[in-house]
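Peer 1: Below: one structure in structure tokens.
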Amino acid sequence: DTGVSQNPRHKITKRGQNVTFRCDPISEHNRLYWYRQTLGQGPEFLTYFQNEAQLEKSRLLSDRFSAERPKGSFSTLEIQRTEQGDSAMYLCASSLVSGNTIYFGEGSWLTVV
Amino acid sequence: QQQVKQSPQSLIVQKGGISIINCAYENTAFDYFPWYQQFPGKGPALLIAIRPDVSEKKEGRFTISFNKSAKQFSLHIMDSQPGDSATYFCAATTHNNNDMRFGAGTRLTVKP
Numbered sequence: 001d002t003g004v005s006q007n008p009r010h011k012i013t014k015r016g017q018n019v020t021f022r023c024d025p026i027s028e029h030n031r032l033y034w035y036r037q038t039l040g041q042g043p044e045f046l047t048y049f050q051n052e053a054q055l056e057k058s059r060l061l062s063d064r065f066s067a068e069r070p071k072g073s074f075s076t077l078e079i080q081r082t083e084q085g086d087s088a089m090y091l092c093a094s095s096l097v098s099g100n101t102i103y104f105g106e107g108s109w110l111t112v113v
Numbered sequence: 114q115q116q117v118k119q120s121p122q123s124l125i126v127q128k129g130g131i132s133i134i135n136c137a138y139e140n141t142a143f144d145y146f147p148w149y150q151q152f153p154g155k156g157p158a159l160l161i162a163i164r165p166d167v168s169e170k171k172e173g174r175f176t177i178s179f180n181k182s183a184k185q186f187s188l189h190i191m192d193s194q195p196g197d198s199a200t201y202f203c204a205a206t207t208h209n210n211n212d213m214r215f216g217a218g219t220r221l222t223v224k225p
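Residue numbers (the numbering used here), protein chains in the order written: chain U, 1 to 113; chain R, 114 to 225.
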């Protein structure tokens, strides 16, 4: 068990560019979550998958945000036409379907300049 | 809308002292209440969690106290150590686990 893996860990991009983050969950975990965390705040739920199905996406911040989990394993979070307000840490987490324990990765920091 | 309110925002305690962080929730459908510890530049790590069918859970120096009628729960860190200095988040979710709500965090500093 290597834990939840995220990359890149840090990304600096110019405003208007697209960015993509990847998450590899704990191998036996069916559920995968994306959260956003800004400085001084707790994580904010964005979306989650159960296997390859995206079961909740209404909390994605805008239509510039999209996530995929095509084969029910790794997931990607894409932000199109980045804005300075998108600067934050994007956290991926995973869990089993049964039970509530959610394990977080170390996050991907995004800085939009 | 903030469904989980956490206090204090920051806390300074002496080594060996007791750290107490409080949280209150609004949604009575919540039935799982974890606490996460986060060090700078790292993701949150699960510390301890409780369900509302018990009023207290203890793991080592960490204890959660839960008051269902008041919709409040708290984290107590006994014999606080400098290595406990971190940001602590309370959270709450339903059994569906599909939208965990976090408090705003408490930055704990334990002075040697």
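Just so you know, even glycine gets a beta-carbon here, dropped at the ideal spot from N, CA and C. A quick note: this is a predicted structure, and the numbers were derived from the prediction, not measured.
Using 8 Å as the limit for Cβ to Cβ distance, is Tyr145/R near chain U?
Peer 2: As a working mapping, residue 145/R is identified with position 32 in the second sequence. Yes, its Cβ sits closer than 8 Å to a Cβ of chain U.
Peer 1: What's the gap between the Cα of Ala162/R and the Cα of Gly156/R?
Peer 2: Translated into the one-based positions of the second sequence, residue 162/R becomes position 49. Translated into the one-based positions of the second sequence, residue 156/R becomes position 43. Straight-line Cα distance between these residues: approximately 17 Å.
Peer 1: Mind listing the chain U neighbours of Ala137/R? Cutoff is C-beta to C-beta under 8 Å, in chain order.
Peer 2: To locate residue 137/R, count along the second sequence from 1; it is residue 24. Within 8 Å Cβ-Cβ: nothing; Ala137/R doesn't reach chain U, min ~14 Å.
Peer 1: Can you tell me which of Phe74/U, Val97/U, Thr101/U, Leu61/U puts its alpha carbon nearest to the alpha carbon of Tyr35/U?
Peer 2: Your numbering for residue 35/U matches position 35 in the first sequence. Considering only alpha carbons, the answer is Leu61/U.
Peer 1: Hey, would you say Ser95/U sits closer than 8 Å to His29/U, going by beta carbons?
Peer 2: Residue mapping note: residue 95/U aligns to position 95 of the first sequence, counting from 1. Residue mapping note: residue 29/U aligns to position 29 of the first sequence, counting from 1. Contact: yes.
Peer 1: Suppose you measure from the CA of Gly216/R to the CA of Cys203/R; what does that come to, to the nearest Å?
Peer 2: Locating residue 216/R in the second sequence gives position 103, counting from the first residue. Locating residue 203/R in the second sequence gives position 90, counting from the first residue. Between Gly216/R and Cys203/R, the C-alpha separation is close to 5 Å.
Peer 1: One question on the structure: do Ile190/R and Phe179/R come within less than 8 Å of each other, judged by their Cβ atoms?
Peer 2: Counting from 1 along the second sequence, the entry for residue 190/R is found at position 77. Counting from 1 along the second sequence, the entry for residue 179/R is found at position 66. Going by C-beta atoms, Ile190/R is not nearer than 8 Å to Phe179/R.
Peer 1: Kindly list, in the order they appear in chain U, the residues whose Cβ is closer than 9 Å to that of Gly218/R.
Peer 2: Locating residue 218/R in the second sequence gives position 105, where the first residue counts as 1. In chain order: Gly40, Gln41, Gly42.
Peer 1: Distance check for Gln151/R and Pro43/U, CA to CA, integer angstroms please.
Peer 2: If you number the first sequence from 1, residue 43/U lands on position 43. If you number the second sequence from 1, residue 151/R lands on position 38. Distance between the alpha carbons of Pro43/U and Gln151/R is about 11 Å.
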